[in-house]
Amino acid sequence: MKLPSLHMTAAAASRDVTLFHAMALLHQANYDIGQAVKYLVPPPSKQHYPLDADKTTSHNTVSLGGPILCR
């Protein structure tokens, strides 16, 4: 019988923890997926993300927060 490697075992444990956190967050939001997503994405705030000039193009840009993948 072949035993799984440490890398495979750690990857499986990570997936279990991620699923656990997702289910806990969904329960906290009373099983409303829209509300659960709002817990994950910070609200936009111009005070926290002021107008900045891009260093390469000198264009003014505004960042209103949110997840890094959607910026």
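Residue 47 in UniProt numbering sits at position 47 of the sequence shown; the count goes up by one each step and never skips. Just so you know, even glycine gets a beta-carbon here, dropped at the ideal spot from N, CA and C. Since the model is a prediction, treat every value here as computed from it, not as a measurement.
- Distance from the CA of Val37 to the CA of Ser14, rounded to the nearest whole angstrom, comes to 21 angstroms.
- Straight-line measurement puts the Cα of Met23 at about 29 angstroms from the Cα of Leu3.
- Annotation for Leu6: the continuous alpha helix (DSSP H) segment containing it runs 6-28.
- Cβ atoms of Leu25 and Tyr39 come within 8 angstroms of each other, at about 6 angstroms.
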